[in-house]
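In order, the protein sequences belong to chains P and X.
In terms of this note's numbering, the first sequence is residues 1 to 326.
In terms of this note's numbering, the second sequence is residues 1001 to 1347.
Every residue gets a Cβ at the ideal spot worked out from N, C-alpha and C, and that includes glycine.
Everything on this sheet refers to the single structure shown next.
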Amino acid sequence: MADKKPLIEVKDLKEYFYINTGLFSSKPLKAVDGVSFSINKGETLGLVGESGCGKTTVGRTLLHLYKPTSGEIWYDGKQIKTRSDIKEFRKKATMVFQDPYSSLNPRMTVSDIIGEPLDVHKLCASKQERQDRILELMGYVGLNSEHAARYAHEFSGGQRQRIGIARSLAVNPDFIVCDEPVSALDVSIQAQVINMFDELQEKLGLTYLFVAHDLLVVRHISDRIAVMYLGKMVELAPAKEIYDKPLHPYSKSLLSAVPVPDPKVARANKRIVLTGDIPSPLNAPSGCPFRTRCKYATDKCAEEMPEFKEVSKGRFVACHRVGDIN
Amino acid sequence: MALLEVKNLQTSFFTDAGEVKAVNDVSFTLERGKVLGIVGESGSGKSVTAYSIMQILAGTGKIVGGSIKFDGQELVGAGEKVMKTIRGNKISIIFQDPMTSLNPTYTIGRQLMEAILLHTDRDRKQAYERAVEMLRLVNVNEPERRMKQYPYEFSGGMRQRVMIAMALACEPDILIADEPTTALDVTIQAQILELMGQLQKELGMAIIMITHDLGVVAQICDEVIVMYAGSICEQGTADEIFYNPCHEYTKGLLRSIPTTDTAGRKLQPITGTPIDLLNMPKGCPFAPRCNFAMKICINHRAERMPINSDHAAACWMNVKHAIQKGELEIENDEPAKEKGKGGESDG
């Protein structure tokens, strides 16, 4: 179903936050440090990594919720640079947030929450049209018209996330950044919402950037998966290939750590347990960021950052030793 | 004799809106050196079961019935004095959130030593040595230096290790772990689970692992209890629960989790939303969401029925299957009559 033409292209994106270290000194926290990727029309790109690896920042910077420190963002063959570009872009690209409790205004009714993007972008000519559109959106996500006048606190977590999704669909976008949209939900509700993302993609031809830390969920929904570590992308590959044979040592240990819900598989599984913790992004190691926890690291890894390059068709890896260890 | 024997435990919270039956008739036993998993969604009563065992319920919560026997000693109604000899000493607990379970104003060393000084006869010097030894046991590097540090200087995984060290310092017989890895990343989760498994074998303690993640259960548990709306729907060995689930809720849960084979296919979610504990239905609490609910499910709560020696479930479907297979005859008492009618349901 994925079209070959890229809808979103990101080139060498950097996002630094400056942290005050003294009265007059500050230090850059390199949340995203030179990330490049593209997402084709109708495709879902999964973005995984541990907390603090910069995956959420990639999603937010992509939508210009943070001003990128440097790098280029292209949408449908056009670079997003000026304020008017951004305004147009936001009609085409929206976001679903992680926490369905804090991302909905408790003082607004459901119909006002869903209608707000319509008002901001002046998409509806009349009140009737606005009302019809809101009900249509609620129908998409399985809410019915009697929910329209209620407030967010009257809904369960799963239903709130549906409201958030309806809001993100209001401007009729082509592209949605889903930032951990199911991690706050119970298992039985999670499956309902994941299926809804699938159905909406089919029906409306959406393209997703799906940011999550639950690797089984990402595997289920994504066409391709990108793995991040300390602000850098270490591997990008089609979902099946990366699960069958991860190439980067970090992807290998990350995937082996996934608890498989099957006791026999779990007993047989040889986990590659990483020692230590993820280093602070304020004091990232020189060279390859993963080298401090990597059992294959050599002197070269400490000296230079490995290039993020294509090793076979559609598979990108940033590792000096990718040839030797696989 | 079982190490821990919980029988017909009932715990309620008395709120302004009414009595919330958070735990309803829960029974299980835990043998020495075993790992028991309690699985369920939020509000299923899994944490309240643990808090009832420790008797650390919030002010409005109360154990209203049943018995909890630790090593033959009755704990329900035993009073604070007895509980103080049990808590931390015989049964320890680690909580979900290592960020808020440690006091930010005391050093790690002081907090670790506090537990040891309180529960054992050791003097300060011995307690210090024990604390350092415990930190080393849970793989904290440079324990002497770490003892002087404050919780903010530790990462999430390290703090959870400290919590484990603290819980194990007095060599408890039972460790209750309430979602110990939920707040952690997968690689750190793998480290912690590995550590818990290894310590459990070394020290021979029993673990009650409370989690919503079936992956974690498959990883570490010998036996599993599945809870829904305060009751046990199914209990058995891990293999029985995963490969031969006999309650529709367990089946639904197992179907709804994405695995590596589900890519490109639709998941099969459990429809509807969890029930409101203030308005519990008369029959099976899962019946409103169950695709196979029969008339009897709506009117009568199924009792715990043995499937085999390692496995029991509270689901009328097992009776229906047994009747269909001719293993069970319908007698002429009341529930059985309903069963006959129920057979024509949408299932």
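Top-ranked residue by Cα proximity to residue i, from the options
| i | options | result |
| --- | --- | --- |
| ALA284/P | GLN201/P, ASN20/P, GLY52/P, SER251/P | GLY52/P |
| PRO261/P | LEU1254/X, ALA1263/X, LYS1266/X | LEU1254/X |
| ARG1146/X | ALA1177/X, GLY1109/X, GLN1126/X | GLY1109/X |
| ALA1058/X | ALA1322/X, TYR1249/X, ALA1022/X | ALA1022/X |
| GLY1157/X | LEU13/P, LYS11/P, LEU274/P | LEU274/P |
| PHE1095/X | ASP1178/X, LYS1282/X, PRO1281/X, LEU1003/X | ASP1178/X |
| LEU1004/X | ILE1207/X, GLU1303/X, THR1273/X, ASN1139/X | ILE1207/X |
| PRO279/P | LEU216/P, ARG291/P, ASN172/P | ARG291/P |
| VAL317/P | PRO246/P, GLU303/P, THR298/P | PRO246/P |
| GLU1041/X | VAL1140/X, VAL1186/X, THR1250/X, GLN1200/X | THR1250/X |
| GLU1185/X | ALA1115/X, VAL1216/X, SER1012/X | Residue 1185/X is actually Asp in this sequence, not Glu. The candidate whose alpha carbon is nearest that of ASP1185/X is VAL1216/X. |
| GLN1189/X | TYR250/P, VAL258/P, ILE176/P | VAL258/P |
| CYS288/P | LYS264/P, LEU230/P, VAL177/P | LEU230/P |
| VAL177/P | TRP74/P, LEU282/P, PHE97/P, SER286/P | PHE97/P |
| ASP12/P | GLU72/P, GLN159/P, LYS55/P | GLU72/P |
| ILE80/P | ILE189/P, ARG160/P, GLN201/P, LEU7/P | LEU7/P |
| MET1227/X | GLU1248/X, TYR1243/X, ALA1218/X | GLU1248/X |
| SER222/P | THR21/P, VAL35/P, VAL193/P, LEU47/P | LEU47/P |
| ILE163/P | LYS41/P, ASP112/P, LYS55/P | ASP112/P |
| PRO1151/X | ALA1078/X, LEU1193/X, ALA1050/X, LEU1102/X | LEU1102/X |
| GLY1045/X | ILE1275/X, ASN1299/X, ALA1287/X | ILE1275/X |
| PRO969/X | GLN1055/X, VAL1006/X, GLN1126/X, ASP1097/X | Since the displayed chain X opens at 1001 and closes at 1347, residue 969/X lies outside it and no answer follows. |
Under 8 Å by beta carbon: chain P residues contacting residue i
| i | result |
| --- | --- |
| THR1017/X | With the sequence shown as reference, residue 1017/X is identified as Ala, and Thr is not the correct amino acid for it. Here the premise fails: no neighbours, minimum Cβ distance about 15 Å. |
| THR1273/X | SER156, GLY158, GLN159, ILE189 |
Proximity test, residue i beta-carbon vs the ligand NAD heavy atom, cut-off 7 Å
| i | result |
| --- | --- |
| ARG133/P | Because no ligand of any kind appears in the structure shown, any question about the ligand NAD cannot be addressed here. |
Distance CB(residue i)-CB(residue j) smaller than 8 Å
| i | j | result |
| --- | --- | --- |
| ILE225/P | SER253/P | no |
| ARG1232/X | LEU1036/X | The sequence shown places Ile at residue 1232/X, not Arg. The answer is no: Cβ separation not under 8 Å. |
| ILE1210/X | ILE1038/X | yes |
| HIS213/P | SER183/P | yes |
| VAL211/P | GLU235/P | no |
| ILE1270/X | ARG1301/X | no |
| ALA1167/X | ILE1063/X | no |
| MET138/P | ALA148/P | yes |
| ASN269/P | LEU1267/X | no |
| LEU1009/X | VAL1020/X | no |
| SER1256/X | VAL217/P | no |
| THR94/P | SER168/P | yes |
| MET305/P | GLY49/P | no |
| LEU118/P | ALA170/P | yes |
Outcome for residue i when other beta-carbon atoms lying within 10 angstroms are tallied against a minimum of 16
| i | result |
| --- | --- |
| GLY314/P | exposed |
| LYS232/P | buried |
| LEU65/P | exposed |
| GLU1334/X | Any reading at GLU1334/X must be qualified, since the residue scores a pLDDT of 48, below 50, and its modelled position is unreliable; no value is offered. |
| SER1012/X | buried |
| GLU43/P | buried |
| VAL10/P | buried |
| ALA1229/X | buried |
| GLY1261/X | Gly is not the amino acid found at residue 1261/X; the sequence shown has Asp there. By the 10 Å Cβ count, ASP1261/X comes out exposed. |
| LYS67/P | exposed |
| LEU1075/X | buried |
| VAL161/P | As written in the sequence, residue 161/P is Gln, which differs from the Val given in the question. Burial call: buried. |
| ASP33/P | buried |
| GLY1340/X | Low confidence applies here, because GLY1340/X scores a pLDDT of 41, under 50, leaving its location unreliable; read the following figure in that light. GLY1340/X should be labelled exposed. |
| THR1085/X | exposed |
| ASP1123/X | exposed |
| PRO1143/X | buried |
Partner residues on chain P for residue i, Cβ-Cβ distance less than 7 Å
| i | result |
| --- | --- |
| PRO1269/X | SER188, ALA191, GLN192, ASN195 |
| GLU1005/X | Result: empty, since nearest Cβ-Cβ is about 25 Å, beyond 7 Å. |
| LYS1325/X | Within chain P, no residue comes near LYS1325/X; the closest Cβ sits about 27 Å away, beyond 7 Å. |
Neighbour flag for residue i against chain C, beta carbons, 8 Å
| i | result |
| --- | --- |
| TYR243/P | Among the protein chains in the structure shown, which are P and X, there is no chain C. |
Residue i: contacting residues in chain X (beta-carbon distance under 8 Å)
| i | result |
| --- | --- |
| ALA239/P | ALA1263 |
| ASP277/P | SER1155, GLY1157, MET1158, ILE1188 |
Chain-ordered chain X contacts of residue i [CB-CB under 9 Å]
| i | result |
| --- | --- |
| LEU215/P | VAL1186 |
| VAL273/P | THR1187, ALA1190, GLN1191, GLU1194 |
Partners in chain X for residue i, counting only beta-carbon separations shorter than 7 Å
| i | result |
| --- | --- |
| GLU50/P | ASP1185, THR1187 |
| PRO263/P | ALA1218, ALA1238, ASP1239, PHE1242 |
Neighbouring residues, chain P, relative to residue i (Cβ below 9 Å)
| i | result |
| --- | --- |
| PRO1172/X | Neighbours of PRO1172/X on chain P: none; closest Cβ ~25 Å, over 9 Å. |
| THR1182/X | Within 9 Å Cβ-Cβ: nothing; THR1182/X doesn't reach chain P, min ~10 Å. |
TODO: Could you list the residues in the stretch 156-170 of chain P with a C-beta less than 8 Å from some C-beta on chain X, going in chain order?
DONE: The stretch 156-170 of chain P vs chain X, Cβ under 8 Å: SER156, GLY158, GLN159.
Open item on the list: Please identify, using Cβ separations under 9 Å, the residues of the stretch 1197-1223 of chain X that lie next to chain P, in order along the chain.
Closed with: Along the stretch 1197-1223 of chain X, going in chain order, the ones with a CB nearer than 9 Å to a CB of chain P are HIS1212, ASP1213, LEU1214, GLY1215, VAL1216, VAL1217, ALA1218, GLN1219, ILE1220, CYS1221.
- [ ] Mind checking the stretch 1033-1056 of chain X against chain P and listing, in chain order, the residues whose C-beta falls within less than 7 Å of any C-beta there?
- [x] Contact residues of the stretch 1033-1056 of chain X toward chain P are GLU1041, SER1042 (C-beta to C-beta distance below 7 Å).
Task: Under 9 Å (Cβ pairs) to chain P, residues found in the stretch 1242-1259 of chain X - done: Result list: PHE1242, TYR1243, TYR1249, GLY1252, LEU1253, LEU1254, ARG1255, SER1256, ILE1257, PRO1258, THR1259.
- [ ] Using a Cβ-Cβ cut-off of less than 7 Å, list which residues of the stretch 1068-1089 of chain X approach chain P; keep chain order.
- [x] Under the 7 Å Cβ criterion, the stretch 1068-1089 of chain X contributes no residue.
- [ ] Could you please tell me which residues of the stretch 1122-1151 of chain X, in chain order, have their CB closer than 9 Å to any CB of chain P?
- [x] From the stretch 1122-1151 of chain X, only ASN1139, ASN1141 have a Cβ closer than 9 Å to chain P.
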